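Counting in UniProt numbering, the sequence shown runs from 1 upward without gaps.
Where a beta carbon is used, it is the ideal one built from N, C-alpha and C, also for glycine.
These numbers come from a predicted model, not from an experiment.
Read the structure below first, then the notes.
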Amino acid sequence: MNAVAPVEQQPTAPALDPRAFRAALGSFATGVTVITARAADGAPVGLTANSFNSVSLEPPMVLWSLARKSLSLPVFAQAQHWAVHVLAADQEALSTSFARSGTHKFAGLAMEDGLGGVPLLEGCAARFQCRTAFQHEGGDHLIFVGEVLAFDRAERAPLVFHAGRYALAARRDPQLPQARSARVAGGLGEDLLGYLLGRAYFQCHLEMRERAAAAGLDEHQWVIVAALTVRDGVGVAELEAALGYVLDGPVEPVLRSLRAQGWVMATGSDPSSTARYTLTPDGRDRSLHLLAAAKAHEAELLARFGYDEGALLKLQLQKFIAATNPGLHDLWHDA
Ligand SMILES: Cc1cc2nc3c(=O)[nH]c(=O)nc-3n(C[C@H](O)[C@H](O)[C@H](O)COP(=O)(O)O)c2cc1C
Numbered sequence: 001m002n003a004v005a006p007v008e009q010q011p012t013a014p015a016l017d018p019r020a021f022r023a024a025l026g027s028f029a030t031g032v033t034v035i036t037a038r039a040a041d042g043a044p045v046g047l048t049a050n051s052f053n054s055v056s057l058e059p060p061m062v063l064w065s066l067a068r069k070s071l072s073l074p075v076f077a078q079a080q081h082w083a084v085h086v087l088a089a090d091q092e093a094l095s096t097s098f099a100r101s102g103t104h105k106f107a108g109l110a111m112e113d114g115l116g117g118v119p120l121l122e123g124c125a126a127r128f129q130c131r132t133a134f135q136h137e138g139g140d141h142l143i144f145v146g147e148v149l150a151f152d153r154a155e156r157a158p159l160v161f162h163a164g165r166y167a168l169a170a171r172r173d174p175q176l177p178q179a180r181s182a183r184v185a186g187g188l189g190e191d192l193l194g195y196l197l198g199r200a201y202f203q204c205h206l207e208m209r210e211r212a213a214a215a216g217l218d219e220h221q222w223v224i225v226a227a228l229t230v231r232d233g234v235g236v237a238e239l240e241a242a243l244g245y246v247l248d249g250p251v252e253p254v255l256r257s258l259r260a261q262g263w264v265m266a267t268g269s270d271p272s273s274t275a276r277y278t279l280t281p282d283g284r285d286r287s288l289h290l291l292a293a294a295k296a297h298e299a300e301l302l303a304r305f306g307y308d309e310g311a312l313l314k315l316q317l318q319k320f321i322a323a324t325n326p327g328l329h330d331l332w333h334d335a
């Protein structure tokens, strides 16, 4: 019988593929923070970091790691105090700015002095003011463990970072009943996308439809009036290409009724194929009032639903529209 050869000890771990390693780390979704300190010469210093994490509740401690190549390293290595700002969903620009090495990151920002003179930024989801408890070697990073001396928190949705990109978080709602599927196999289920979109559209527009009706406009007229606030001098063909899917019929009779009611005027020559349509001064005034009311109503609905979730819903709808566009004309982009 042959003796089994002893397995040779690997002196070092086999080299990992750095890109694959980064990608695997990126599957851990994190929040985003900006960490600030004050240099000995008084200059504010800071950088974007997602290596932040909680360590201990008693005593309260947090940690984060700083790349050795970071220009901020000498300041953080010396600083006794630093502050972690957990960014809110609408602070992506701040994150991008603090992720640029060595630039004047604080220009134009509202700041106050925290403990030890640490620069504190505003509008964040939470802030932790810390004193360095330990510094540890961490390969190409230096790990800072800090004792939390003070913190504050606001009811703001967090900015999320996942797979190398910023993201928004949608919370699961345990109160929400499970969507009912159809009793009859193959029948309309409550989770059918078309049903959800249609129902949401109806509820979103309920009040607006009443306001438009009070101003003397039916739904089709309101769609055209709203479209004409985007741009003056739009032709019939263009309106049809952009709005045909909503109007479900020819644009001309609607335009004719709007002209008769004094909302719209035609410029250029008839025949109507070459005529261009514009809101009358009175029509523009009234439509802008209606649109302002529509925007205020939307803000009220979104506040009820959660502003960040509203932003997420819009983002998903924009993606869905782009992914499924059968080639519809777009009044905003196709001018
Ligand atoms: C989402 C995100 C997370 C980051 N996390 C860290 C981190 O945890 N530690 C780190 O040293 N750099 C991190 N960076 C990179 C730094 O923000 C970047 O290198 C910055 O330019 C350093 O600034 P400085 O050279 O002025 O110190 C991150 C960047 C982004 C966009």
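- What are the complete alpha helix (DSSP H) segments, minimum 4 residues, inside the stretch 249-320? Those alpha helix (DSSP H) runs which fall completely within the stretch 249-320 and span 4+ residues are 252-260, 281-305.
- Reduced DSSP category for W222 - H, G, I as helix; E, B as strand; rest coil: In this structure, W222 counts as helix in the three-state DSSP scheme.
- Using a Cβ-Cβ cut-off of 8 Å (strictly less than) and excluding sequence neighbours within five positions of M1, which residues of its own chain qualify? Note that M1 has pLDDT 40, beneath the 50 cutoff, so the model's placement of it is unreliable and no number is given.
- Item | Residue environment, V38, which counts as buried when at least 16 other CB atoms sit within 10 Å | With the sequence shown as reference, residue 38 is identified as Arg, and Val is not the correct amino acid for it. By the neighbour-count criterion, in which a residue is buried when 16 or more other Cβ atoms sit within 10 angstroms of its Cβ, R38 is buried.
- Query: Could you give the residue range of the beta strand (DSSP E) that holds residue 352?
  - Reply: Past the edges of the chain, shown from 1 to 335, lies residue 352, and the structure says nothing about it.
- Counterpart residues of L121 in DSSP-defined beta bridges: Under DSSP, the beta-bridge partners assigned to L121 are M111.
- Exposed or buried, Q78, counting other C-beta atoms within 10 Å across all chains shown (16 or more means buried)? With fewer than 16 other Cβ atoms within 10 Å, it is exposed.
- Report yes or no: do three or more beta-carbon pairs, one from the stretch 29-44 and one from the stretch 149-166, lie closer than 8 Å? They touch, by the three-pair rule.
- Touching by the beta-carbon criterion (3+ pairs, under 8 Å), the stretch 128-146 and the stretch 59-77: Output reads yes: the stretch 59-77 touches the stretch 128-146.
- Message: If distances are taken between C-alpha atoms only, which option among S257, V230, W222 comes closest to M208?
- Response: Nearest option by C-alpha distance: W222.
- Sequence-distant residues of the same chain with beta carbon closer than 6 Å to R199, five excluded per side: The answer is none, since no qualifying residue turns up.
- From which residue to which residue does the alpha helix (DSSP H) around F106 run? Looking at the DSSP string, F106 is not in any alpha helix (DSSP H), and its letter there is neither H nor E.
- Task: Look up R127 in the DSSP assignment and say whether it is helix, strand or coil.
- Result: Strand.
- Message: Based on DSSP bridge pairs, tell me the residues matched to V84.
- Response: DSSP output for V84 lists I35, F128 as bridge partner(s).
- Message: On the DSSP bridge list, what partners appear for R153?
- Response: DSSP, once it has assigned bridges, lists A126 as partnering R153.
- Coarse secondary structure for F52, derived from DSSP in three states: In this structure, F52 counts as coil in the three-state DSSP scheme.
- Query: So, is Y201 buried or exposed, given that buried needs 16 or more other C-beta atoms within 10 angstroms?
  - Reply: So Y201 ends up on the exposed side.
- Below 8 Å on the Cβ atoms is my guess for H220 versus L247; work out the distance and round it to an integer in Å. Taking C-beta atoms under 8 Å as the contact rule, H220 and L247 qualify, at a distance of about 5 Å.
- Drop a sphere of 10 angstroms on the beta-carbon of D113, count the other beta-carbons inside from all chains shown, and report buried for 16 or more, exposed for fewer. Exposed.
- Query: Can you list, in chain order, the residues of its chain whose CB lies under 8 Å from that of F21, leaving out five sequence neighbours each side?
  - Reply: There are no such residues.
- Message: Starting from L197, trace the beta strand (DSSP E) in both directions and tell me its first and last residue.
- Response: In the DSSP assignment, L197 falls outside any beta strand (DSSP E) and lies within the alpha helix (DSSP H) extending over 193-214.
- Does the Cβ of R100 lie closer than 7 Å to at least one heavy atom of ligand 2? Among the ligands in the structure shown, ligand 2 does not appear; only ligand 1 can be found there.
- Is T229 helix, strand or coil when you go by DSSP? Correct three-state label for T229: coil.
- Message: My output table needs one value for E147: the three-state DSSP class, helix, strand or coil.
- Response: It is a strand residue.
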